[in-house]
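Trainee: Going by this note's numbering, the sequence shown opens with residue 1278, and the numbers climb by one from there.
The beta carbon of each residue, even a glycine, is placed where N, CA and C say it ideally should be.
Quick one: structure below, then a few questions.
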Amino acid sequence: MRLRMGFVVIAMVLSVFGARLVQLQGVDPNSYAAMAAAEGLVEVDLPAERGDILDRNGKALADSVDGLMIVADPLMTAEKAPEIARFLYRELDVDYAATLNRLREEGSRYEYIARRVPATQANAVIAAAEKLKFKGLYTQHDPLRDYPVGDVAANLVGFLGTDEPLAGLERTFDDQLSGTDGSARYEVGAGKKIPLGENTVTDPVDGQDLQTTIDLDLQWYTQRVLRQTVQQWGADSGLAVVMDSQTGELLALADHPTFDANHPTESPKADLGSRAMQDVYEPGSVEKVLTLSSLIDLGLVTPRTQIVVPPSLQREDSPIGDWFDHGTIRLTLAGVLAKSSNIGTVLAADHFKSGQLHEYLTRFGLGQRTAIGVRGETEGLLPAAGVWTHQQQDRIAFGQSLSVNGVQMAAAINTIANGGVRVSPSLIMGSVTTDEGDVVGTDTTTERRVISEDAARQTALMMERVVDEKVGVAPGAAVPGYRVAGKTGTAQAVGADCACYDGTFDVSFAGFAPADDPRFTVYVVVKNPDTGGGGSVAGPAFSKIMSYTLKRYAVPPTGTRPSRLPVEW
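Right under this line is the structure:
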C-alpha cells in the first residue's frame, strides 16, 4: 500500500512537469523565450561627441574632454537603494528622491544616475561604492563639455545644462554641434556582458565643429581693457566691438560683467547673455556721424559749411543746448562734429526734406537686426517715418529718441570706414543654419551702398578732428603713429522702471584706423560711469584696443598728414 502511494505521488509530479513542458514548448514558446531574453538584455545610449566651437584660427572656445556617466543596474541596486541614494547624493550632489526611484526601477537593467562627470571624479565614486559593498554601479563613456578659456567670449559661446544647451552659440547651433547618439543592445548575466550573447551596436555620429570669426587673443585683450575701464570709472557694465572694416567680420565682441562658462550658475543671470546684442540704448552723439554724412551725400553741406551756433536753440516748446556752455560761436560743419555740438547738428539737419534722414538711417542698418546668429538680439528702435515730428527729428539728428544695439551701431559707423558701403557683420565662418532656420555666416555677407565714396571720405576727414589734441573733444582716443577717425557719444539712459530718463548716462566712442585706409572699426560703450563722457572714459579704451589690433595684424601707419579741416570761421 505504501509503495502504491509512492508511485501515485511520483506520477502526479511528473504530470505537472509534463504539463509545464508542453506549455513552454508547445502552447506559447515564443513569448516565454522573449521574457527570458528580456530579463538579460540591456540597451544603452552611446553619446555622440559634441563639435568644438573654435576661433578664427582654430583655437578652442569650447571642446569636449573625457567624461563618464554613472549608471545603475536596478536589479542589483534595488535591495540597498536608500543607502546607495544617500551615498550618491553626498558624492555627486544628485537629487536623492529621483535617484532612489531610478535605483528601484522595476524591469530595468540600465538607469542614468549622473551625466558628464569628470573621469577622475566618476572613477573615485565607483571605487568608494565598491568599498562599501554597493553593487550595480558602473561607468560609461560620456564626453564632458569644457570651456578652456573660461570667461573669454563666454557671452557668445554660452553653456550646456545637464541634458541640453541653455545659451549662446551652444544653443543656436545645437543641431550642428550635437551630432546623433548611437545605441548598443547586449545580453548580460550576473551583471556582466555575455561574450557570445546578442550584441547589436549603432555607432554615434559626432557633431560638427563651429568656427567663429572671433580672434581669441584679441577677444581676451578687449575683455581685459573693458573690465579695467568699467572698474576704473565705477560703471555698471560695458561692451566693445572690434570689426574688420572691409569684411564686416567680428574679431572681438566683449561684455563686462561676464561669467566663467565652466561655472555659469555662479554668476547672476543678467550676466549670462550678450549685452552687445541684447541691450538697447540711445547712441548719443555717435549718431551725428550718420546725420552729417547723409547731408554731405545729398550735396546739402560740405565739411567747410559755416554755421552760427547760438548759446541755446528754442525749438517749439523745448530748448536745445550743448554739453558745454558758450556764447554765440561760429563753427564749420567739421567743427560741429569736432566739438560735438547738438545745436550745430540740428541747424545742419534743417536742410533735410521730409523722410530723408529716416531713409538714410534705415540704409545704415538702424532699426533692423544684424542677424549674426546671437539669440535674443534686439532690432533697436527707429520710429517710423510717418510719425516723425519736427521736434523728434531734431533729437534723432543728435542721437536721442532712437535706440540701437552695439553691433548694429558698429556696423553703421563701419559704413563710413568702408567707403560708404555697408557690409553686413558676421560672427560665423562659412554658412550655418540657426535653430530658427536662418542661414548666417561669412558666406551670406551682403553689401549695400549707403553714401558715396566721396561723402565717406569727407566725413572721415571731419572725424579725424575729433581726436585732435588742439580742437577735438577726444584726444585720449588717439593712437600714436596712426591717423584715427572717431566720434564720442554721451547719452541719457532710459530707466527700466520708469521708462524715462533716470539721471544716468551711457558714454561711448566709435572710430576706425588708419583713417585714410581703414582696416578696423572699434566701438566701446560704458554704461553709467561715476563721471566723465565718451572722450575721457571710452576714448582711452578705444585707443588701447585699436593700438593692440593694428599691431597684432601688422598694419603699418600710412605716413600721410592728418586732416587739417578748419573747425571755426
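Would you mind working out which of Ile1361, Met1346, Arg1462 sits nearest histidine 1851, comparing C-alpha positions?
Mentor: Residue 1851 lies beyond the range of the chain shown here (1278 to 1846); nothing can be said about it.
Trainee: Looking at the unbroken beta strand (DSSP E) that takes in asparagine 1539, where does it start and where does it end?
Mentor: Taken as a continuous stretch (DSSP letters only), asparagine 1539 belongs to no beta strand (DSSP E), as it is neither H nor E.
Trainee: Figure out for me which residue from Asp1671, Gln1453, Lys1357 has the closest Cα to the Cα of serine 1631.
Mentor: Asp1671
Trainee: Given this structure, state the Cα-to-Cα distance separating serine 1678 from leucine 1567, to the nearest angstrom.
Mentor: 15 Å
Trainee: How far does the beta strand (DSSP E) with leucine 1590 in it extend, from its first residue to its last?
Mentor: 1590-1592
Trainee: In this structure, how does DSSP classify leucine 1710 when only helix, strand and coil are distinguished?
Mentor: Sequence check: residue 1710 is threonine here, not leucine. Correct three-state label for threonine 1710: strand.
Trainee: Which residues in the same chain have their Cβ closer than 7 Å to the Cβ of arginine 1504, if we skip the five residues on either side of it in sequence?
Mentor: His1533
Trainee: Can you name the residues that DSSP bridges to valine 1342?
Mentor: Leu1421
Trainee: Starting from asparagine 1691, follow its DSSP beta bridges and name the residues at the other end.
Mentor: Its beta-bridge partners do not exist; DSSP assigns none.
Trainee: Do leucine 1572 and histidine 1635 have their beta-carbon atoms positioned less than 8 Å apart in this structure?
Mentor: Their beta carbons are not under 8 Å apart, which means histidine 1635 does not touch leucine 1572 by this criterion.
Trainee: Beta-carbon separation of leucine 1331 and aspartate 1548 under 8 Å?
Mentor: no
Trainee: Give me the Cα-Cα distance between tyrosine 1778 and alanine 1815, rounded to the nearest whole angstrom.
Mentor: Looking at the backbone, the Cα of tyrosine 1778 and that of alanine 1815 are separated by about 21 Å.
Trainee: Quick test of the definition: if touching needs 3 or more C-beta pairs under 8 Å, does the segment 1501-1515 touch the segment 1437-1452?
Mentor: no
Trainee: Output needed for proline 1395: all residues of its chain with C-beta closer than 7 Å, excluding positions within five of it in sequence on either side, in chain order.
Mentor: Hits under 7 Å: Gly1344, Leu1421.
Trainee: Taking the continuous beta strand (DSSP E) assigned at glycine 1763, which residues delimit it?
Mentor: For glycine 1763, the enclosing beta strand (DSSP E) has its first and last residue at 1762-1771.
Trainee: Note the first and the last residue of the continuous alpha helix (DSSP H) segment covering lysine 1630.
Mentor: Per DSSP, lysine 1630 belongs to no alpha helix (DSSP H) and is neither H nor E.
Trainee: Glycine 1772 and phenylalanine 1819: beta carbons closer than 8 Å?
Mentor: no
Trainee: Quick check: what's the CA-CA separation for leucine 1369 versus aspartate 1340?
Mentor: 23 Å
Trainee: Identify every run of the alpha helix (DSSP H) within the segment 1386-1458, keeping only runs that are complete inside it and at least 4 residues long; order them along the chain.
Mentor: Within the segment 1386-1458, the complete alpha helix (DSSP H) runs of at least 4 residues are 1396-1408, 1431-1434, 1445-1449, 1451-1455.
Trainee: May I ask which residues mark the beginning and end of the alpha helix (DSSP H) holding lysine 1747?
Mentor: Unbroken run through lysine 1747: none, as it is neither H nor E.
Trainee: Do valine 1791 and tyrosine 1759 have their CB atoms nearer than 8 Å?
Mentor: Rather than valine, the amino acid found at residue 1791 in this sequence is proline. In this structure, tyrosine 1759 lies closer than 8 Å to proline 1791 by Cβ.
Trainee: For glutamate 1654, tell me which candidate among Ala1553, Glu1713, Ala1611, Thr1666 has the shortest Cα-Cα distance.
Mentor: Ala1553
Trainee: Look at the alpha carbon of glutamate 1713 and the alpha carbon of alanine 1674, and state the distance between them as a whole number of angstroms.
Mentor: 35 Å
Trainee: Going by C-alpha to C-alpha distance, which of Gly1413, Val1429, Leu1414 sits closest to glutamine 1496?
Mentor: Val1429
Trainee: Looking only at DSSP bridge pairs, what is phenylalanine 1789 linked to?
Mentor: Ala1762, Thr1798
Trainee: Here's the rule: buried if 16 or more other CB atoms are within 10 angstroms of the residue's CB, otherwise exposed. What is alanine 1374?
Mentor: exposed
Trainee: Where are the alpha helix (DSSP H) runs, 4 residues long or more, that stay fully inside the segment 1541-1596, in chain order?
Mentor: 1552-1555, 1564-1574
Trainee: Please give me, in chain order, every unbroken run of the alpha helix (DSSP H) with length at least 4 that falls completely inside the segment 1345-1386.
Mentor: DSSP runs (the alpha helix (DSSP H)) wholly in the segment 1345-1386: 1351-1354, 1358-1369, 1373-1380.
Trainee: Spatial neighbours of aspartate 1452 within its chain, please: CB distance less than 8 Å, with the 5 preceding and 5 following residues excluded, ordered by chain position.
Mentor: Thr1710, Asp1712
Trainee: With DSSP collapsed to three states, give me the class of serine 1824.
Mentor: helix
Trainee: Would you kindly check if the distance between the Cβ of phenylalanine 1641 and the Cβ of alanine 1694 is under 8 Å?
Mentor: No, the pair does not count as a contact, with Cβ atoms beyond the cut-off.
Trainee: Rounding to the nearest angstrom, what Cα-Cα distance links glycine 1644 and tryptophan 1665 in this structure?
Mentor: Our two residues, glycine 1644 and tryptophan 1665, have alpha carbons roughly 14 Å apart in a direct line.
Trainee: DSSP three-state call for tyrosine 1778: helix, strand or coil?
Mentor: strand
Trainee: Just mark proline 1817 as buried or exposed, buried being the case when its beta carbon has 16 or more other beta carbons within 10 Å.
Mentor: The Cβ neighbour count for proline 1817, taken over all protein chains shown within 10 Å, is at least 16; the residue is labelled buried.
Trainee: Based on DSSP bridge pairs, tell me the residues matched to arginine 1462.
Mentor: Glu1320, Thr1477
Trainee: Along the chain, where does the beta strand (DSSP E) that runs through threonine 1490 open and close?
Mentor: Following the DSSP letters along the chain, one finds threonine 1490 in no beta strand (DSSP E), marked with neither H nor E.
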